[in-house]
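Step one of this worksheet: look at the structure below.
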Amino acid sequence: PLMPAAARWAIPECEAVLSFSHCVAKAAEPPKGTPHVCYCFTPMRYAWHMKDSYFRKIGLVGRMKAAAVGRLLAAIREWDRRTADRVSHFIAISRTVQDRILECYGRSSDIIYPPVDTEFYTLAAIPREDFYLVVSALAPYKRFDLAIDACRKLGKKLIVIGSGQDAKKLQAKAGPGIEFLGWQSDETIRDHLRRAKALLFPGEEDFGIVPLEAQACGCPVIAFDRGGATETVRGLGEHSDPTGVFFDDQTIDATADAIERFERDADRFDPRAARKNALLFRKERFESELFSYLDRVAAPETVRRAA
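Right, here's the structure in full:
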């Protein structure tokens with residue numbers, strides 16, 4: 001009952017409604033006959049696709065809690081599916097999210113990729129150093145335990161920038177050569193992206209802006225071969241100008257093997273190619289695509305006549 005109450009915004013008469021939603025915003029109900037465009041970051045991960053990553057089942061108490069959580073999530077999914085009917089047009093941030101929108105809501109969608117700030121994240125005339133990098137909120141589903149374990153196995157230096165619910169657990173298993181910097185400013189993150197050997201990105205993300213920020217700084221990406229990274233990173237062996245390396249399984253061995261493959265072919269990675277790839281996602285492209293889409297939706301007859 002709380003979520004429907006939170007979505008009862010009074011929306012005045014307008015040409016169109018645009019919601020940016022990962023949870024409740026898409027439930028906004030537009031005035032009758034008004035198009036509602038939802039820029040969907042993803043259907044709720046904890047309710048649909050990543051329940052196990054958010055809710056652990058441990059022992060009898062854990063099973064009892066899991067049963068209660070299961071009933072609650074079923075109710076949330078039903079509400080989420082029902083309120084999707086208030087959206088006339090869905091925009092997905094990636095093919096991964098496009099597939100989820102179809103699966104969860106039975107709705108088609110168009111893709112407009114989010115923007116990366118390529119004016120702030122730029123190349124610099126400084127040498128790469130001998131360390132790998134993680135930049136993220138430290139949540140369980142992001143699987144940064146794999147980055148830590150793989151670097152520890154190979155004896156590689158790893159710097160972790162970020163904080164979150166998994167921070168203490170990850171620090172406890174880190175060992176020598178793994179350095180946690182906690183939360184840092186954008187300027188510090190940019191500096192590390194300019195100097196790191198490669199960014200490690202072992203989770204499955206809806207889109208993932210950090211790999212693009214890395215590439216904008218000329219930094220290669222070693223990523224799990226699922227989710228948004230597959231749409232933003234040019235994999236070694238698939239492209240003549242690769243910007244990263246993919247691994248197929250979320251295991252320590254697969255992650256470590258990807259790091260070793262990257263190091264064997266390190267001379268294949270040109271910072272200028274990574275930068276060029278990131279520029280495909282610059283802010284100007286996002287604004288142009290989004291506003292053109294809204295123009296078509298808000299005044300479809302005018303657009304058809306012009307065409």
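All residue numbers for the sequence shown refer to the working numbering, where the first residue is 1 and numbers rise by one. Here a beta-carbon is modelled for each residue, glycine too, at the ideal position from N, C-alpha and C. It should be emphasised that the depicted structure is a prediction, and the values quoted were computed from it without experimental measurement.
Given residue i, which residues of its chain have a CB within under 6 angstroms of its CB, disregarding the five upstream and five downstream residues?
i: ILE112; result: ILE91, GLU289 and LEU290
i: TYR39; result: PHE20 and ILE91
i: ALA214; result: LEU193, LEU199 and VAL221
Residue i to residue j, Cα distance in whole Å?
i: TYR141; j: GLY164; result: 12 angstroms
i: GLY175; j: LYS197; result: 20 angstroms
i: PRO114; j: PHE286; result: 6 angstroms
i: ILE178; j: ALA28; result: 45 angstroms
i: PHE144; j: LYS168; result: 12 angstroms
i: GLU129; j: HIS22; result: 37 angstroms
i: ARG82; j: SER240; result: 46 angstroms
i: PRO127; j: PHE180; result: 22 angstroms
i: VAL87; j: ARG264; result: 49 angstroms
i: ALA10; j: VAL37; result: 17 angstroms
i: PHE131; j: LEU294; result: 44 angstroms
i: PHE247; j: GLY237; result: 12 angstroms
i: LEU146; j: THR96; result: 22 angstroms
i: ASP257; j: LEU102; result: 34 angstroms
Where does residue i sit, in a helix, a strand or coil, going by DSSP?
i: PHE246; result: strand
i: GLU213; result: helix
i: ALA223; result: strand
i: LEU133; result: strand
Cβ of residue i within 8 angstroms of Cβ of residue j?
i: PHE281; j: THR243; result: no
i: LEU133; j: HIS192; result: yes
i: PRO202; j: VAL233; result: no
i: SER94; j: ASP206; result: yes
Near residue i, which residues of its chain fall below 7 angstroms by C-beta distance, leaving aside the five closest residues on each side in sequence?
i: ILE149; result: First, the amino acid is wrong: residue 149 is Asp here, not Ile. These residues qualify, in order along the chain: ILE252.
i: GLN216; result: The amino acid at residue 216 is misidentified as Gln; the sequence shows Ala. Taken in chain order, the residues that qualify are VAL116, THR118, TYR121, THR122, ARG275 and ALA278.
i: ARG98; result: For clarity, residue 98 is Gln in the given sequence; the question names Arg instead. ALA92, SER109 and ILE111.
May I ask you to list the residues that DSSP assigns as paired with residue i?
i: HIS22; result: In the DSSP output, where bridge partners are listed per residue, HIS22 has none listed.
i: ARG282; result: VAL116
i: CYS311; result: This structure gives no information on residue 311, because the portion of the chain shown stretches from 1 to 307.
i: ALA139; result: None; ALA139 has no bridge partner.
Given residue i, which residues of its chain have a CB within under 8 angstroms of its CB, disregarding the five upstream and five downstream residues?
i: ALA137; result: GLY162, SER163 and GLY164
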